[in-house]
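Residue numbers (my numbering): 572 to 978. Here the structure comes first, spelled out in structure tokens, and everything after it is commentary.
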């Protein structure tokens, strides 16, 4: 089992436990490694509202708030816990033993906490940056993926056996060794913490002897820890009703009222907007550059700026426009509409601005240099200006290319 602490903005920490009575130790680890939060919201589980955990919260002056019985939707952290379970289930289907789910859940909580999400409250930051108040270091979780093959230094290897042995990466170590230490599982199922390890080289991945060694490793590990996880194990219908990870379409792990579901599915202000995703040519510096309208502008409270009107002059909406170099600027709907109308003729066809000639070709119908020379009434020869049979490849300002044939 595991104790998960989560926030509404996708920050979380996971602490595996052998028994429910160890919940107070997970709270102590949270206070020590992260800090004391303003409050902890919990359900009515006895191990979370009574005994040592309750006393530890009182000693740390951290208030405990309880949700109403049988209403998990009232705790917004439940949504993050659901996402953690879903992501962990997808990773476990790679072929590793399902008994490793607690290590996977712990690594997934770190990854999601250091990943930017489309959550307004984050304002473009990662959950870890918002929680800790500083730019987080991701070096200890970005080099290796869950259950990657690694070669690590095992000091117990007897001479003349190689010091580097095969293992599987389970995530960064906690409170053991230097910052880049990792948890690595051996073929006998033992989990060790090591700071000297590396990826498999390309030659090792293709070597037949090394492939056989990896197959033997997987076979021994499954004999020790059990079979690999299957989709049935990770749904609420498999494993005798004791599964814990993935919801199925027939069973939702958290009972959510219909009004909340409808709120999540409500269209955003960008839905059906005639300007969003439009590309327009806009003046930028001394030249024209194409920008894409990405979304509506919002104020500090998350409310959209301006209101729509059928008359572009009375339309007060403001949009965010992104240029190819990533710069984002704010433009009024009237300015965007003016640029769009300026790019079209009376029939609605878009004007294309020529950027450069990128190629040239000609057919057999094109005149040669000798064929272009003429002699009319004894006058000196002149060159014909007819470019029949030739064409030029033009590069347009909207990043398209095409041949323009001349006749």
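Note that beta-carbon positions come from the ideal geometry of N, C-alpha and C, so glycine has one too.
Close beta carbons around residue i, own chain, < 8 Å, minus the five adjacent residues each side
i	result
residue 910	851, 852 and 853
residue 793	668 and 799
residue 875	840, 867, 868, 869 and 888
residue 726	734
residue 996	Absent from the model: residue 996. The displayed extent of the chain is 572 to 978, so no value can be given.
residue 777	none
residue 842	none
DSSP three-state assignment for residue i, whether helix, strand or coil
i	result
residue 708	coil
residue 860	strand
residue 812	Any reading at residue 812 must be qualified, since the residue scores a pLDDT of 37, below 50, and its modelled position is unreliable; no value is offered.
residue 901	strand
residue 761	coil
residue 884	helix
residue 675	helix
residue 583	strand
residue 865	strand
residue 690	coil
residue 726	coil
residue 619	helix
residue 855	strand
residue 781	helix
residue 680	helix
residue 698	helix
residue 644	helix
residue 770	strand
residue 744	coil
residue 649	helix
residue 605	coil
residue 573	strand
residue 713	helix
residue 596	helix
residue 624	helix
residue 590	coil
residue 910	helix
Whether residue i touches residue j by CB criterion (7 Å)
i	j	result
residue 613	residue 676	no
residue 690	residue 580	yes
residue 635	residue 598	no
residue 680	residue 584	yes
residue 594	residue 648	no
residue 785	residue 722	no
residue 886	residue 858	no
residue 637	residue 615	yes
residue 760	residue 795	yes
Cβ-Cβ separation, residue j to residue i (assumed contact under 8 Å), whole Å
i	j	result
residue 553	residue 717	Because the chain in this structure spans residues 572 to 978, residue 553 falls outside the shown range and cannot be described.
residue 767	residue 724	4 Å
residue 670	residue 797	6 Å
residue 575	residue 652	5 Å
Of the residues the options, the one placed nearest residue i, counting alpha carbons only
i	options	result
residue 601	633, 651, 789 and 664	633
residue 765	747, 898 and 759	747
residue 896	913, 882 and 863	863
residue 711	637, 782, 685 and 606	685
residue 883	875, 876, 912 and 869	912
residue 682	700, 692 and 694	700
residue 606	617, 658, 619 and 703	703
residue 755	715, 654, 774 and 732	715
residue 673	586, 619 and 621	586
residue 663	741, 773, 914 and 639	741
residue 901	855, 772, 695 and 609	855
residue 881	848, 730 and 844	844
residue 693	914, 871, 713 and 849	871
Same chain, Cβ closer than 6 Å to residue i, neighbours up to 5 away in sequence not counted
i	result
residue 758	788, 791 and 792
residue 545	Look at the range of the chain in this structure, 572 to 978, and you will see that residue 545 is not part of it.
residue 697	685 and 687
residue 750	711
residue 707	685, 699 and 700
residue 658	679
CB contact below 7 Å: residue i versus chain C
i	result
residue 766	Among the protein chains of the structure shown there is no chain C, as only one such chain exists.
Residues near residue i in its chain [Cβ-Cβ closer than 7 Å; skip 5 each side]
i	result
residue 621	none
residue 627	595, 598 and 599
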